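Student: According to our numbering, the sequence shown is numbered sequentially starting from 754.
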Amino acid sequence: MHHELYKHLRDNSDFYAKYVYDSISIAKARLKLYRATKKKYPNANRPYMKRDMITLDNQTYKIIDNHLRFPIRAKQYIYIKLASYVLQKLESAKLGSITVTPKN
Numbered sequence: 754m755h756h757e758l759y760k761h762l763r764d765n766s767d768f769y770a771k772y773v774y775d776s777i778s779i780a781k782a783r784l785k786l787y788r789a790t791k792k793k794y795p796n797a798n799r800p801y802m803k804r805d806m807i808t809l810d811n812q813t814y815k816i817i818d819n820h821l822r823f824p825i826r827a828k829q830y831i832y833i834k835l836a837s838y839v840l841q842k843l844e845s846a847k848l849g850s851i852t853v854t855p856k857n
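(1) Identify whether residue 828 lies in helix, strand or coil by the three-state DSSP scheme.
(2) Whole-angstrom Cβ separation of residue 825 and residue 833, contact assumed at under 8 angstroms?
(3) Where does residue 804 sit, in a helix, a strand or coil, going by DSSP?
(4) DSSP three-state label for residue 799, please.
(5) In the DSSP assignment, find the unbroken beta strand (DSSP E) run with residue 815 in it and report its ends.
(6) Based on the DSSP output, what are the partners of residue 820 in its beta bridges?
(7) So if DSSP puts residue 809 in a beta bridge, which residue, or which two residues, is it bridged to?
(8) Alpha carbons only, please: which of 843, 837, 808, 815 is nearest the one belonging to residue 855?
(9) Starting from residue 778, trace the alpha helix (DSSP H) both ways and give me its first and last residue.
(10) Pull up the distance between the alpha-carbon of residue 812 and that of residue 794, whole angstroms please.
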C-alpha cells in the first residue's frame, strides 16, 4: 500500500519527492500508534492533523544568513526568516531533522 500511494502522489502532484515519502511515513506512524492505542482503549479517536507541518531532515534544509532554506520543486526554494532564539537553538544542536509549523 505504501508503494502504491507513493506512486499515486508522485504522479498526480507537484510535491518534492522527499516530502511525499516523509508525509506517508508520518501518516503510517500515526496510524500504527492509533492501532496500538485502540487495543488498549477501544473508544480512542481516529488520528487527524490538527495543524499544518513539514518535517525536514538534515539533507533537505540549509541555514543561510538567518534564513531557513528548503526546496519545494527542483531549483525552487522557500526562505523562512528565523528568530534569533530559534537560530541559536538550531546552531547549538547537532544537525538533524526539524519540524516547521505555521505561526499562530
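All residues carry an ideal CB built from backbone N, CA and C; glycine is no exception. For clarity, every value in this text was computed on a predicted model and none was experimentally measured.
Tutor: Based on what the coordinates show:
(1) Here DSSP, grouped into helix, strand and coil, assigns residue 828 to coil.
(2) About 12 angstroms separates the beta carbons of residue 825 and residue 833, which is beyond the 8 angstroms limit, so they are not a contact pair.
(3) If DSSP states are grouped into helix, strand and coil, residue 804 belongs with coil.
(4) Of the three classes helix, strand and coil, the one that applies to residue 799 here is coil, per DSSP.
(5) Per DSSP, residue 815 belongs to the beta strand (DSSP E) from 815-817.
(6) DSSP output for residue 820 lists 817, 834 as bridge partner(s).
(7) In DSSP, residue 809 forms a bridge with 851.
(8) For residue 855, the nearest C-alpha among the options comes from 808.
(9) Start and end: 770-793.
(10) Counting only the Cα atoms, residue 794 lies some 38 angstroms from residue 812.
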